[in-house]
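Residue numbers (this note's numbering): 1052 to 1314.
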């Protein structure tokens, strides 16, 4: 199963103060005129807090979360391009990277950088979306699908997919509304999810309609393309999270004395 992302994502970095994320992640702070990338979000800080440390923690959240998403997408693309690069337990590694990225984006580092601004609904949705693939891997490893009757073997995987999709929809909507990522990127995670999930749904409908009939190379290619969309979406969100990571405002230069002081 391919998971869209979720993607990371004004920098969520501003939770206490990256959609997401990732890619991707939504948030306040739009880029200025002519800017090629979303402007880094402003990170509010609590009275007396070290503003520099707050922004550094938020930036670390987005850099770590984005890197985890990129690592997952890169492994999938490499394995699809060369089967020799696959290895036993690769599914657990991929889903572990996915889970780690979403948890980082949900909670942030020391409370900073959450792409959902640590809103309870968004945090719960991201945690569920993070855990479902990994828990499914563990469940089917312990209880192989072959030991279940036909009805359960069909319903269970589809039920987990629906639950994952629902959690991702909730999470991406919260990312878009929380204002924790740059303005231009705040709805990117939801758009990526819609495209990837839509492609998978269309291919699934076609597959059901072809049941019992010859499945040609065109359908196999369409299935591969739909799966690739999800992987590329995760890659996009990871890159977007890194590019949009909050940055510290430049410190003003010390005043320069042009003339000697008057006596």
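Glycine is no exception: its CB is placed at the ideal position from the N, C-alpha and C atoms.
Quick caveat, the model's predicted, so the values are computed rather than measured.
Got a sec, what are the start and stop residues for the alpha helix (DSSP H) residue i sits in?
i, result
"residue 1166", "Note, residue 1166: premise wrong, no alpha helix (DSSP H); not H, not E."
"residue 1131", "1102-1132"
"residue 1159", "Here residue 1159 belongs to no alpha helix (DSSP H), and DSSP marks it neither H nor E."
"residue 1260", "1239-1260"
"residue 1281", "1268-1294"
Cutting at 6 angstroms between CB atoms, please list the residues of its own chain near residue i, excluding the five before and the five after it.
i, result
"residue 1108", "1160, 1161, 1163"
"residue 1111", "1160"
"residue 1261", "none"
"residue 1098", "Note that residue 1098 scores a pLDDT of 45, beneath 50, so its modelled location is shaky; the value from the coordinates is reported in the next line. Once the five neighbours on either side are set aside, residue 1098 has no close Cβ partner at all."
"residue 1210", "none"
If you drop the 5 nearest sequence neighbours on each side, which residues of the same chain put their C-beta closer than 7 angstroms to that of residue i?
i, result
"residue 1225", "1167, 1170, 1172, 1173, 1176"
"residue 1143", "1188"
"residue 1249", "none"
"residue 1128", "1282"
"residue 1136", "1129, 1130"
Mind checking whether residue i and residue j have CB atoms under 9 angstroms apart?
i, j, result
"residue 1115", "residue 1178", "no"
"residue 1296", "residue 1149", "no"
"residue 1277", "residue 1245", "no"
"residue 1222", "residue 1180", "yes"
"residue 1123", "residue 1152", "yes"
On the premise that residue j lies in contact with residue i, defined as a C-beta separation below 8 angstroms, what is that separation, rounded to the nearest angstrom?
i, j, result
"residue 1281", "residue 1117", "The Cβ separation is near 17 angstroms, so there is no contact."
"residue 1120", "residue 1236", "With 8 angstroms as the limit, residue 1120 and residue 1236 do not qualify as a contact, their Cβ atoms being about 14 angstroms apart."
"residue 1257", "residue 1270", "7 angstroms"
"residue 1254", "residue 1274", "5 angstroms"
By Cβ distance below 8 angstroms, which residues in the same chain neighbour residue i in space, the five residues on each side in sequence not counted?
i, result
"residue 1199", "1207"
"residue 1125", "1286"
Taking contact to mean at least 3 C-beta pairs separated by less than 8 angstroms, is the segment 1227-1238 in contact with the segment 1208-1216?
No, because fewer than three Cβ pairs between the segment 1227-1238 and the segment 1208-1216 fall closer than 8 angstroms, the two stretches do not touch.
- Quick check: the segment 1177-1187 against the segment 1132-1141, are there 3 or more CB pairs under 8 angstroms? Output reads no: the segment 1132-1141 does not touch the segment 1177-1187.
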